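Encoded as structure tokens, the structure appears first; notes follow it.
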Amino acid sequence: MKIIILEDEKQVGIKAADMVEEVIRNNPKALIGLATGSSPIPTYKELIQRKNSGLDFSSITTVNLDEYIGLGGDHPQSYRYFMNDNLFSGLALELKNTHVPRGDGENPENDAMEYEKFLKNIGKRDIQILGIGVNGHIAFNEPEDPLSLVTHVVNLTEDTIKSNSRFFESMDEVPKRAITMGMGQIFNAKKIILIATGKNKAQVVKEFISPDITTNNPSSFLKLHDDVTVICDKEAGKLIAGDI
Ligand code: GLP
Numbered sequence: 005m006k007i008i009i010l011e012d013e014k015q016v017g018i019k020a021a022d023m024v025e026e027v028i029r030n031n032p033k034a035l036i037g038l039a040t041g042s043s044p045i046p047t048y049k050e051l052i053q054r055k056n057s058g059l060d061f062s063s064i065t066t067v068n069l070d071e072y073i074g075l076g077g078d079h080p081q082s083y084r085y086f087m088n089d090n091l092f093s094g095l096a097l098e099l100k101n102t103h104v105p106r107g108d109g110e111n112p113e114n115d116a117m118e119y120e121k122f123l124k125n126i127g128k129r130d131i132q133i134l135g136i137g138v139n140g141h142i143a144f145n146e147p148e149d150p151l152s153l154v155t156h157v158v159n160l161t162e163d164t165i166k167s168n169s170r171f172f173e174s175m176d177e178v179p180k181r182a183i184t185m186g187m188g189q190i191f192n193a194k195k196i197i198l199i200a201t202g203k204n205k206a207q208v209v210k211e212f213i214s215p216d217i218t219t220n221n222p223s224s225f226l227k228l229h230d231d232v233t234v235i236c237d238k239e240a241g242k243l244i245a246g247d248i
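Numbering (the numbering used here), first residue to last: 5 to 248.
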């Protein structure tokens, strides 16, 4: 595992975009795994700038990690809407080449199974971008015993609902369930970039780099993958700066 601590979130975005650009230059038809949340936004801005300066994204395919149950793609807090708004429209991607689990179906368990089948079919991602929750969740794999390998329906923890309520009018509006790739699918990527920015991530980043792996901190399992780069800003990296 490689850990890089940079000055601020803009620098983090540039570094992560460099890694994505390298993948696309090597394979214009790359399969790219994407995340939502505030952490990847500077990376997405940077990628849009690179598209505007000539980098060709027209042949890539994207897959997203997760979606809230109960929100359709036209809901401003759905992850489909977030991706369209923060990245896909700026890159002028054809929406048929972008994939996000369906959140507003009648049978979420079935939609999760269908997404898993689709992911198995489409194969290994060339690169996967990840954020990290304050409780160590990745995608929506919450601290839990046991963790699941495949795409599944999950009940969000109080911590996550509270933390994600900043994007909603009130806590009551935050969906209580989501569809998420499981740990096995997240690992199905040649390269993984974990982005952590801001002081509220400092503690979880410290726990993440400890020698342990534990279902209490799903991100800790990333240490088992052989190509993970953690990119932090100074704030998120402040408790580990002396250890690396
Ligand atoms: C959500 C997403 C995660 C994301 C996390 C952190 O819960 N499901 O994929 O990593 O939020 O979000 P942020 O980057 O806004 O802190």
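For every residue, glycine included, the Cβ atom is placed at its ideal position computed from N, Cα and C. Note that the coordinates shown come from a computational prediction; the quantities given were computed from them, not determined experimentally.
- Cβ atoms of residue 142 and residue 135: under 9 Å apart, would you say? Locating residue 135 in the sequence shown gives position 131, counting from the first residue. Locating residue 142 in the sequence shown gives position 138, counting from the first residue. Their beta carbons are under 9 Å apart, which means residue 135 touches residue 142 by this criterion.
- beta-carbon residue 136 near the ligand GLP non-hydrogen atom, thresh 8 Å: Sequence index remark: in the sequence shown, residue 136 carries index 132 (1-based). Yes, Cβ of residue 136 sits closer than 8 Å to a heavy atom of the ligand GLP.
- Message: What residue range does the alpha helix (DSSP H) around residue 207 cover?
- Response: Within the sequence shown, residue 207 is the residue found at index 203, counting from 1. That run of the alpha helix (DSSP H) goes 206 to 213.
- Residue range of the beta strand (DSSP E) that residue 6 falls in? As a working mapping, residue 6 is identified with position 2 in the sequence shown. Per DSSP, residue 6 belongs to the beta strand (DSSP E) from 6 to 10.
- Message: Within a Cβ cutoff of 6 Å, which residues of the same chain sit near residue 14, ignoring the five residues on either side of it in sequence?
- Response: One-based indexing of the sequence shown puts residue 14 at position 10. Only 46 meet the Cβ criterion.
- Task: On a CA-only basis, which of 181, 176, 171, 172 is nearest residue 161? Give me that one, please.
- Result: Position 157 of the sequence shown, counted from the start, is the residue given in the question as residue 161. For residue 161, the nearest C-alpha among the options comes from 181.
- Message: Do residue 154 and residue 144 have their beta-carbon atoms positioned less than 9 Å apart in this structure?
- Response: Along the sequence shown, read from residue 1 onward, the residue named residue 144 stands at position 140. Along the sequence shown, read from residue 1 onward, the residue named residue 154 stands at position 150. No, the Cβ-Cβ distance between residue 144 and residue 154 is not below 9 Å.
- Item | Contiguous alpha helix (DSSP H) assignments of at least 4 residues, all confined to the segment 141 to 203 | 162 to 168, 187 to 191
- Task: Say whether the segment 112 to 121 touches the segment 6 to 20, bearing in mind that this needs 3 or more beta-carbon pairs closer than 8 Å, one atom from each stretch.
- Result: no
- Message: Quick check on residue 37: does DSSP put it in helix, strand or coil?
- Response: As a first step, residue 37 must be located in the sequence shown, where it is residue number 33. If DSSP states are grouped into helix, strand and coil, residue 37 belongs with the strands.
- Start and end residues, beta strand (DSSP E) containing residue 47: As a working note, residue 47 is residue 43 in the sequence shown. No beta strand (DSSP E) contains residue 47, which is instead part of the alpha helix (DSSP H) from 45 to 56.
- Check whether the Cβ atoms of residue 36 and residue 66 sit closer than 9 Å, and answer yes or no. By one-based count along the sequence shown, residue 36 stands at place 32. By one-based count along the sequence shown, residue 66 stands at place 62. Contact: yes.
- Item | N- and C-terminal bounds of the beta strand (DSSP E) containing residue 123 | By one-based count along the sequence shown, residue 123 stands at place 119. Run containing residue 123: none in the beta strand (DSSP E); it sits in the alpha helix (DSSP H), 112 to 126.
- Task: Evaluate contact between the segment 86 to 96 and the segment 181 to 199, counting only Cβ atoms and requiring at least three cross-stretch pairs below 8 Å.
- Result: no
- Message: Measuring only the C-alpha atoms, how far is residue 16 from residue 76?
- Response: Numbered from its first residue, the sequence shown carries residue 16 at position 12. Numbered from its first residue, the sequence shown carries residue 76 at position 72. Taking the straight line joining both Cα atoms gives about 31 Å.
- Message: Quick check on residue 132: does DSSP put it in helix, strand or coil?
- Response: By 1-based counting over the sequence shown, the position of residue 132 is 128. Strand.
- Message: Just to confirm before moving on: does the CB-CB distance between residue 231 and residue 224 stay below 9 Å?
- Response: Within the sequence shown, numbered from 1, the residue matching residue 231 stands at position 227. Within the sequence shown, numbered from 1, the residue matching residue 224 stands at position 220. No, these two residues do not count as a Cβ contact at 9 Å.
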